[in-house]
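Taking it in order: structure first as structure tokens, then the write-up.
In my numbering, the protein residues as written are 104 to 233.
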């Protein structure tokens, strides 16, 4: 139970870290896209397709790919945490059921034929154990 709670907390920490990393990619992506846009507005001899433009395009693609992978990771973490929460609920329910079964077993262990509130009914056969 405690191990599962610890795993859930660990995943929640990782989720926050991935979300932070994902939000950290927004500014660089916006800057690279803005630079490309400004370069495209050039006219005449100023409009060139050089190494700088190629690097900006490569940077945009790299950042977008990183964002995609981070989103996939976040989705997997969310799915795993949902499964862990279901498992935790099942473990807690199982522990509660086992506790109730133990209480019943303990009570049944102490019952004797002379115990209070034990009734004998007519026409019930006694079993001969020989």
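The beta-carbon is built from N, C-alpha and C at its ideal position, and this holds for glycine as well.
Can you give the Cα-Cα distance for residue i and residue j, rounded to whole angstroms?
i, j, result
"residue 169", "residue 120", "14 Å"
"residue 142", "residue 155", "10 Å"
"residue 127", "residue 160", "19 Å"
"residue 181", "residue 171", "15 Å"
"residue 220", "residue 232", "25 Å"
"residue 206", "residue 193", "20 Å"
"residue 174", "residue 200", "39 Å"
Helix or strand or just coil, what does DSSP make of residue i?
i, result
"residue 161", "helix"
"residue 145", "coil"
"residue 214", "coil"
"residue 188", "helix"
"residue 200", "helix"
"residue 72", "Given a span of 104 to 233 for the chain in the structure shown, any question on residue 72 remains unanswerable."
"residue 232", "coil"
"residue 208", "helix"
"residue 166", "helix"
Mind checking which residues open and close the alpha helix (DSSP H) that includes residue i?
i, result
"residue 126", "105-127"
Judging by CA-CA distance, which residue of the options is the nearest neighbour of residue i?
i, options, result
"residue 162", "176, 138 and 232", "138"
"residue 177", "109, 107, 106 and 123", "123"
"residue 108", "190, 182 and 196", "190"
"residue 183", "212, 115, 105 and 106", "115"
Shorter than 7 Å, the distance from the beta carbon of residue i to the closest heavy atom of the ligand NAD, or not?
i, result
"residue 163", "With respect to the ligand NAD, the structure offers nothing, as it holds no ligand at all."
Report yes or no: do three or more beta-carbon pairs, one from the segment 211-218 and one from the segment 144-152, lie closer than 8 Å? no
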